[in-house]
Ligand SMILES: C[S@@+](CC[C@H](N)C(=O)[O-])C[C@H]1O[C@@H](n2cnc3c(N)ncnc32)[C@H](O)[C@@H]1O
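Structure follows, in structure tokens:
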């Protein structure tokens, strides 16, 4: 897997922040919409979104849910903070924080949402360990990501794997390694975005004593 450093994430998203919504807003919206529909059904009291970016999901979360959004990029967070949202009963907090070293106590959240972050964070295993720590036992973890192996996207994956460090994205990213290998419970998996570009994976955070 290609190396992506924390510095690489920060400089990449400093560059993308002013144009992110135009580049990746609509094209990845189906995955966000499906993820937020699941959140609507689950109605968590406290939700953490890691890699909240420019806040493209925020208007879709239930108004009573307390939302904490974290991101490494201050420029992306500034865009999220400037987003006009309808008045909401739940609390909304946006914090600059590394999702691989979360400053929250164990078992803080009913639901953790991870849209399009797992393959851009420097160490996906550390991120998984952290979200599982802060998510309550049997809480919900929702991951939207591209996983390798979908026929149409294989050529694109091969080309972009050569550019990964520069574009801040790992195109070859395997479901078996990053989802199946962990001892959480896979509740459901659905395709999202054009031509099955991404998957939405709903997991239960099984915690062993
Ligand atoms: C592809 S964007 C996705 C943004 C948003 N979730 C969306 O749906 O468009 C990835 C975001 O994750 C953030 N990110 C990557 N690694 C991170 C980490 N370890 N901790 C916090 N944020 C991270 C980046 O700064 C960027 O804003």
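Numbering (the working numbering), first residue to last: 169 to 377. Ideal Cβ placement from N, Cα and C applies to all residues, glycine included. All figures in this text were calculated on a predicted structure; none of them were measured in a lab.
Contact check for residue 346 and residue 356: beta-carbon distance about 17 Å, past the 8 Å limit, so the pair fails to qualify.
Taking residue 358 as the centre and dropping the five residues before and after it, the same chain places the C-beta of 368 closer than 6 Å to its C-beta, in chain order. Annotation: the continuous alpha helix (DSSP H) that includes residue 183 extends over 174-184. Here the alpha carbons of residue 284 and residue 302 stand approximately 19 Å from one another. With a cutoff of 8 Å on beta-carbon distance, residue 207 and residue 230 are scored as near each other. Proximity of the beta carbon of residue 283 to ligand 1 is indicated: a heavy atom of the ligand is located closer than 7 Å.
For residue 348, there is no enclosing alpha helix (DSSP H), since its DSSP letter is neither H nor E.
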